[in-house]
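For the sequence shown, our numbering begins at 165 and goes up steadily by one.
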Amino acid sequence: SHAGEVHRILGRPEGRRGWIGASSTQVDKTALSWRVPWLLGRGPLGAVAWLKLGQIVRKARGTMLTSTLIVVLVTVFFTAALDEPTFEHAFAGAALLATVGTLYLCMGLRFDFRSDLELMASIKTWPLAPWRIFLGTILPEVVLVSALLWAAILVRAMWTGTMIPELVCVLAIQPLVTFTWVAVDNAVFLFSPLRYAPGQESALQHMGRSVYLLLLRGLVFGLVALCAGVPVGLFAYVAHEEFDWSWRAIAWVASGMVGVVLLAGAVGLTALGGFMLRRFDV
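Here's what the structure looks like:
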């Protein structure tokens, strides 16, 4: 009746405020016939990821357009014409682009548990370990963000003539950074769920939660930086000063050390997310 009509009007894109696409619930009818790939195989974990990827494919047209525009703008902003491209320019520029791109994309995309609040009663009945459900649910979003940023990094490298082998280090570490960000957000959501009204993500009443998440992310990445920065700094100093290694050689080993720390953090966050899902009270 009247309440249903109000709900329908509020559900229209023109009836929303804020970043359209991030909270999109409208199905793109042209995408209903598209085949959704089984990125993680056809096992139980792959089935969970396939369900979430199907949601992205069929509901994310506005989100993809917005996200692609953001990536293009960030890429252009961090791209300059280099008269003499150097290793430092290429590596630092790619790392900065990956960091800022992750920040902007992960703040807007919520194709994870935050879009499944109404389905939690069903999700809790799935005969899978909670950590596997948590992992399978957030991986498609991580893959989406990583694919967009990989494309941006490679386009920037070709544009500036800085296509160096060390870019592989940035491409390998970036998904782990994205995974850490998304895992923290979802673990907090499962601990303290919140239903956002369309267009109200940045409203004043949500500022406390946003600040809390900002501090928590800072704490997590600060711990990662501490655990990785100390050994990496010591290694770089000894390798360069005592053994006269080049910075390019140091970058490979240092990136591997950072990757190991991020991977360990990802395992811990997956376990934490599984615990939060297990204790989630529908």
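Beta carbons are placed, not taken as given, at the ideal position from N, Cα and C, and that holds for glycine.
query                                                                                                                                                                   : result
Could you check where the alpha helix (DSSP H) with residue 297 kicks off and where it finishes?                                                                        : 294-324
Once the 5 residues before and after residue 292 are set aside, which same chain residues still bring their CB inside 6 Å of it?                                        : 208
Output needed for residue 411: all residues of its chain with C-beta closer than 6 Å, excluding positions within five of it in sequence on either side, in chain order. : none
Should residue 253 and residue 326 be called a contact, given that it needs their Cβ atoms to be closer than 9 Å?                                                       : yes
Indicate the three-state DSSP secondary structure (helix, strand or coil) for residue 374 in the structure shown.                                                       : helix
Out of curiosity, what's the CA-to-CA distance linking residue 354 and residue 232?                                                                                     : 28 Å
Starting from residue 266, trace the alpha helix (DSSP H) both ways and give me its first and last residue.                                                             : 251-272
Considering Cα atoms alone, identify which of 444, 309, 314 and 429 is closest to residue 270.                                                                          : 309
Note down the Cα distance separating residue 431 from residue 344, rounded to an integer number of angstroms.                                                           : 10 Å
Just to check my reading of the structure: residue 200 and residue 217 have Cβ atoms closer than 8 Å, yes? What is that Cβ distance to the nearest angstrom?            : 6 Å
Give a yes or no on contact between the region 296-313 and the region 375-386, applying the rule of three or more CB pairs nearer than 8 Å.                             : no
According to DSSP, is residue 330 part of a helix, a strand, or is it coil?                                                                                             : coil
Are residue 303 and residue 213 closer than 9 Å when you measure CB to CB?                                                                                              : yes
Report buried or exposed for residue 407, applying the criterion of at least 16 other Cβ atoms within 10 angstroms of its Cβ.                                           : exposed
Where do the ends of the alpha helix (DSSP H) carrying residue 439 lie?                                                                                                 : 411-443
Check this for me: beta carbons of residue 262 and residue 313, under 9 Å apart or not?                                                                                 : yes
Under the rule that 16 or more other beta-carbon atoms within 10 Å means buried, what is residue 420, buried or exposed?                                                : exposed
Quick check on the DSSP output: the alpha helix (DSSP H) that includes residue 356 runs from which residue to which?                                                    : Counting along the chain, residue 356 falls outside any alpha helix (DSSP H), and DSSP gives it neither H nor E.
Indicate the three-state DSSP secondary structure (helix, strand or coil) for residue 349 in the structure shown.                                                       : helix
Give the C-beta separation of residue 392 and residue 255 to the nearest angstrom, bearing in mind that I take them to be a contact with Cβ-Cβ under 8 Å.               : Not confirmed; about 16 Å, so no contact.
Assign residue 278 to buried or exposed, taking buried as 16 or more other Cβ atoms, counted over all protein chains shown, within 10 Å of its Cβ.                      : buried
Going by DSSP in three states, residue 289 sits in which element: helix, strand or coil?                                                                                : coil
For the putative contact between residue 258 and residue 368, defined by C-beta atoms under 8 Å, what is the C-beta separation to the nearest angstrom?                 : Not quite, the Cβ-Cβ distance comes to about 37 Å (not below 8 Å), so this is no contact.
So, with DSSP's three-state summary, where would you put residue 385?                                                                                                   : helix
Relative to the C-alpha of residue 438, which residue among 215, 221, 285 and 300 is closest?                                                                           : 300
Can you tell which of 435, 352 and 339 has its C-alpha closest to the C-alpha of residue 422?                                                                           : 339
So what's residue 200 in DSSP terms, helix, strand or just coil?                                                                                                        : coil
From 222, 317, 211 and 336, pick the residue whose C-alpha is nearest to that of residue 298; which is it?                                                              : 211
Exposed or buried, residue 443, counting other C-beta atoms within 10 Å across all chains shown (16 or more means buried)?                                              : exposed
For residue 352 and residue 250, what's the separation of their Cα atoms in angstroms?                                                                                  : 41 Å
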